[in-house]
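Using the numbering used here, read the sequence shown as starting at 484 and increasing by one per residue. Read the structure below first, then the notes.
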Amino acid sequence: MEDKVLITYGWNRIAYIVNRSLALKGIKTFVGDITKITMNRFSKFTYKTFCYPNFYVDPKKFINFIISYCIEEGIQYVIPTHEEGFLISKYQHIFKEANIKILLPDFEKIKIAHKKDKSCTLAKKLNIPLPETIYPKIIDDVLCFFRYCNKSVVIKYLNTNSAKGVFYPKTENEVRKFERDIGNFIVQERVYGRGYGVSMLFNKGELRAKFTHKRIQEKISTGGTSTLRESTESSLLEEYAYQILKHLTWNGVAMVEFKYNEKRKQAWFIEINPRFWGSLALSYIAGVDFPYLVYKILRDGDVEPVFNYKKGVKVKWILGGIIAFMAGLVKREFNLNHIFSKADAYDDFWKDDKNVFTGELFFYGTKFLKTFSINPQKEALLNIDEL
484 MEDKVLITYG WNRIAYIVNR SLALKGIKTF VGDITKITMN RFSKFTYKTF
534 CYPNFYVDPK KFINFIISYC IEEGIQYVIP THEEGFLISK YQHIFKEANI
584 KILLPDFEKI KIAHKKDKSC TLAKKLNIPL PETIYPKIID DVLCFFRYCN
634 KSVVIKYLNT NSAKGVFYPK TENEVRKFER DIGNFIVQER VYGRGYGVSM
684 LFNKGELRAK FTHKRIQEKI STGGTSTLRE STESSLLEEY AYQILKHLTW
734 NGVAMVEFKY NEKRKQAWFI EINPRFWGSL ALSYIAGVDF PYLVYKILRD
784 GDVEPVFNYK KGVKVKWILG GIIAFMAGLV KREFNLNHIF SKADAYDDFW
834 KDDKNVFTGE LFFYGTKFLK TFSINPQKEA LLNIDEL
């Protein structure tokens with residue numbers, strides 16, 4: 484029987500790397516999304532694309548559809564690439580009953596990793612450095628901390644990804660605007676350093692692959708999605724990431740993010756992404772093929788560890804750089820590096836599969852025409868407490 488894999492959240496470059504990795508090894512890929520216009524629909528490597536119900540709107544309908552579709556198409560494995568994986572984790576017993584294999588942690592462990600208050604509490608428990616953090620009960624807690632930190636704080640909502648739900652108030656009046664949401668965010672002292680990500684794959688609590696990168700350029704100047712990044716290594720950050728994920732007896736992929744002051748050798752834990760990450764193309768090109776390793780664990784039960792890869796490899800997200808440049812123009816910032824910075828390879832442009840970039844342009848163009856935003860937050864974040 485042919486191996487078949489269902490890949491979710493197919494509009495973007497993360498799902499494309501999963502698709503590309505597996506398809507080039509002869510595996511049939513079925514790539515789904517809530518919309519028809521996706522990067523992967525334009526890829527020559529995709530075996531089949533399909534639309535599924537919006538999991539932000541009707542989670543149970545989404546789960547039932549995925550199960551039924553897998554049974555109908557004879558699909559043995561499901562690899563989620565974004566927050567829909569949280570939902571699949573909650574209902575993974577249903578997938579098991581249907582003989583559909585997934586590689587995900589327990590839902591409660593995803594909660595700990597995803598929610599900012601829980602992950603910071605865990606890091607502190609493990610003696611991993613993090614920015615000074617408060618969990619405010621009243622707005623006066625925030626105001627006092629704002630003054631204590633000389634007005635240099637960051638407010639982070641508990642259920643967020645990338646730069647969504649992250650704010651940098653500059654005045655006390657701006658701080659007071661968050662009073663109605665007390666209990667739904669943490670406040671941290673703002674720390675300064677380069678963004679680093681340590682990506683890891685665990686199989687039932689055992690480390691099977693690791694990869695570290697540092698950010699060179701980001702879509703938003705204050706942080707968030709990287710548009711240019713470089714493979715590197717850091718025994719310090721890798722040990723911190725390992726301690727956190729090992730403590731959770733992690734199962735599957737995750738990326739632990741840090742700020743790192745390279746001159747002072749000082750690190751701060753920032754957050755955990757309990758899923759695949761936006762810069763997946765970099766690890767793939769540098770020699771750690773996370774998608775295929777996940778597939779091999781699903782198929783064979785385990786895989787030989789992969790800890791070596793090429794250092795100094797740079798990979799760029801072309802469209803992300805264009806978006807960052809255009810956003811800068813609005814602020815009268817002319818950072819041409821977003822356009823002209825060189826890289827060894829790209830997230831969204833491949834000489835042997837050029838149409839995927841066209842698909843990405845179509846998706847973002849359609850989204851802009853509907854919302855007048857290239858990064859709308861509506862229906863973009865799952866409230867994990869309500870799943």
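Using N, Cα and C, we set each Cβ at its ideal position, and we do this for glycine too. This one's a predicted model, so the numbers in the text were calculated from it and none came from an experiment.
Return the first residue and the last residue of the beta strand (DSSP E) that residue i is part of.
i           : result
residue 671 : 668-672
residue 738 : 735-744
residue 513 : 511-516
residue 593 : Unbroken run through residue 593 is the alpha helix (DSSP H), 590-597; no beta strand (DSSP E).
residue 639 : 636-640
For residue i, which of the options has the nearest alpha-carbon?
i           : options               : result
residue 533 : 541, 545, 539 and 540 : 545
residue 667 : 677, 568, 701 and 618 : 618
residue 693 : 736, 820 and 535      : 736
residue 556 : 576, 514 and 521      : 514
residue 716 : 625, 751 and 679      : 679
residue 626 : 611, 526 and 662      : 662
residue 506 : 530, 491, 659 and 846 : 530
residue 868 : 508, 586, 528 and 592 : 592
residue 826 : 583, 572, 795 and 733 : 795
residue 718 : 748, 648 and 807      : 748
residue 804 : 771, 786, 844 and 781 : 844
residue 721 : 759, 731, 734 and 740 : 740
residue 656 : 761, 630 and 848      : 630
residue 738 : 746, 763 and 732      : 763
residue 584 : 782, 814 and 806      : 782
residue 562 : 586, 550 and 811      : 586
residue 578 : 552, 594 and 611      : 552
For the alpha helix (DSSP H) containing residue i, name the first residue and the last one.
i           : result
residue 560 : Not the alpha helix (DSSP H): residue 560 falls in the beta strand (DSSP E), residues 560-562.
residue 865 : Looking at the DSSP string, residue 865 is not in any alpha helix (DSSP H), and its letter there is neither H nor E.
residue 577 : 575-580
residue 823 : 820-823
residue 504 : 496-506
residue 842 : 838-854
residue 808 : 801-813
residue 627 : 622-631
residue 780 : 773-783
residue 731 : Here residue 731 belongs to no alpha helix (DSSP H), and DSSP marks it neither H nor E.
residue 765 : 763-769
Roughly how many angstroms separate the alpha carbons of residue i and residue j, rounded to a whole number?
i           : j           : result
residue 802 : residue 768 : 19 Å
residue 809 : residue 710 : 13 Å
residue 486 : residue 756 : 28 Å
residue 832 : residue 838 : 8 Å
residue 744 : residue 677 : 6 Å
residue 792 : residue 828 : 16 Å
residue 726 : residue 686 : 15 Å
residue 778 : residue 638 : 37 Å
residue 696 : residue 854 : 33 Å
residue 860 : residue 570 : Reliability fails at residue 860, whose pLDDT of 48 lies under 50, so the model's placement of it is uncertain and the value that follows must be treated cautiously. Rounded to whole angstroms, residue 860 to residue 570 spans 19 Å at the Cα level.
residue 604 : residue 728 : 14 Å
residue 776 : residue 690 : 12 Å
residue 819 : residue 703 : 14 Å
residue 634 : residue 596 : 28 Å
residue 642 : residue 602 : 11 Å
residue 549 : residue 497 : 19 Å
residue 840 : residue 526 : 9 Å
residue 624 : residue 607 : 20 Å
residue 752 : residue 524 : 37 Å
Buried or exposed for residue i, going by 16 or more other Cβ atoms inside 10 Å?
i           : result
residue 500 : buried
residue 609 : exposed
residue 616 : buried
residue 494 : buried
residue 851 : exposed
residue 554 : exposed
residue 540 : exposed
residue 750 : buried
residue 799 : buried
residue 452 : No answer is possible for residue 452: it lies beyond the span of the chain, which begins at 484 and ends at 870.
residue 576 : exposed
Taking only three categories from DSSP, how would you classify residue i?
i           : result
residue 686 : strand
residue 534 : strand
residue 898 : The first residue shown for the chain is 484 and the last is 870, placing residue 898 beyond what the model contains.
residue 725 : helix
residue 827 : coil
residue 697 : strand
residue 547 : helix
residue 754 : strand
residue 489 : strand
residue 568 : helix
residue 653 : coil
residue 677 : strand
residue 484 : coil
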